[in-house]
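*Asks:* Can you keep this structure in mind? I'll have questions shortly.
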Amino acid sequence: MKSREKLRFVAVPMEVANDARTTLRDRFGHRLSPVLEHGPCRVCLRISREAEDFILLSYQPLPDTGPYAEIGPIFIHARHCSPYEGTTFPEDFAPRRLVLRAYGHDGRIVDASVAEAGTAQHEAARFLSKPAVAEVHVRHESYNCYDFKIVRAE
Ligand SMILES: [Zn+2]
Numbered sequence: 003m004k005s006r007e008k009l010r011f012v013a014v015p016m017e018v019a020n021d022a023r024t025t026l027r028d029r030f031g032h033r034l035s036p037v038l039e040h041g042p043c044r045v046c047l048r049i050s051r052e053a054e055d056f057i058l059l060s061y062q063p064l065p066d067t068g069p070y071a072e073i074g075p076i077f078i079h080a081r082h083c084s085p086y087e088g089t090t091f092p093e094d095f096a097p098r099r100l101v102l103r104a105y106g107h108d109g110r111i112v113d114a115s116v117a118e119a120g121t122a123q124h125e126a127a128r129f130l131s132k133p134a135v136a137e138v139h140v141r142h143e144s145y146n147c148y149d150f151k152i153v154r155a156e
């Protein structure tokens with residue numbers, strides 16, 4: 003595959019978000035409550051300028067197939083928001099320096115890097131040009147919280 007590979011940017015599934023919003027429990031049994039925060043929201047992939055109502059929950063971005071399937075904290079808007087669907091890099095994240103982790107089809111980590119601001123899309127495309135890489139996870143540079151994943155567009 004070429005580095006001009008078309009990419010898809012994948013937010014947290016609406017089903018996970020709606021379950022958390024309606025039950026105020028996450029899939030790991032934690033009791034959840036709305037908090038005033040700046041996000042970023044892992045559903046719409048926006049970073050709020052003003053504090054908004056968010057829910058903090060635990061989320062596991064990889065299927066539960068092995069030790070690399072980490073569980074960690076994410077914020078989502080407390081009320082419905084439109085899930086990010088795009089083949090362009092989420093613009094609120096573009097100015098950030100970001101951690102990228104490339105995972106294989108078996109859920110094992112293949113490679114990782116820290117992408118300078120504005121370079122994460124190119125770096126993710128470079129990882130996804132390798133057939134062994136199935137998905138690239140984008141994370142915060144220092145907190146290391148999960149943000150979203152990048153896959154090849156079908
Ligand atoms: Zn949102």
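The working numbering puts the first residue of the sequence shown at 3, with every later residue one more than the last. Every residue gets a Cβ at the ideal spot worked out from N, C-alpha and C, and that includes glycine. Nothing here was measured: the structure is a model prediction, and the numbers come from that model.
1. Going by the C-beta, is His79 closer than 7 Å to any heavy atom of ligand 1?
2. Do you know how far the Cα of Gly120 is from the Cα of Arg51?
3. Given Ser144, which residues of its chain have a CB within under 8 Å of its CB, disregarding the five upstream and five downstream residues?
4. Distance check for Ile78 and Lys4, CA to CA, integer angstroms please.
5. Decide if the stretch 15–35 is in contact with the stretch 96–114; the criterion is three or more beta carbon pairs, one per stretch, under 8 Å apart.
6. Can you have a look at Asp149 and say buried or exposed, based on whether 16 or more other CB atoms are within 10 angstroms of its CB?
7. With a Cβ-Cβ cutoff of 8 Å, do Cys80 and Pro36 count as a contact?
8. Need the endpoints of the alpha helix (DSSP H) that Ala126 sits in, please.
9. Run through DSSP, which three-state label would Met3 get?
10. Candidates Tyr105, Val18, Gly88: which alpha carbon is nearest Pro69's?
11. DSSP state of Glu17, grouped into three classes?
12. Whose C-alpha, out of Arg33, His107, Lys151, is nearest the C-alpha of Ile57?
13. What would DSSP say about Arg23, mapped onto helix, strand or coil?
14. Can Leu51 be considered in contact with ligand 1, in the sense that its beta carbon sits closer than 7 Å to one or more heavy atoms?
15. Using the three-state DSSP reduction, which class does Lys8 fall into: helix, strand or coil?
16. Is it right to say His212 is buried, meaning 16 or more other beta carbons lie within 10 angstroms of its own, or is it exposed?
*Replies:* In terms of the structure at hand:
1. yes
2. 20 Å
3. none
4. Low local confidence applies: a pLDDT of 47 at Lys4 is under 50, so the model's placement there is unreliable, and no value is given.
5. no
6. buried
7. Note that residue 80 corresponds to Ala in the displayed sequence, not to Cys. Closer than 8 Å, so yes.
8. 122–130
9. Because Met3 carries a pLDDT of 42, less than 50, the predicted location of this residue cannot be relied on, and no value is offered for it.
10. Tyr105
11. helix
12. Arg33
13. helix
14. Looking at the sequence itself, residue 51 is Arg, so the reference to Leu does not match. For ligand 1, not one heavy atom lies less than 7 Å from the Cβ of Arg51.
15. coil
16. One cannot answer for residue 212 here, as it falls past the ends of the chain, which runs 3 to 156.
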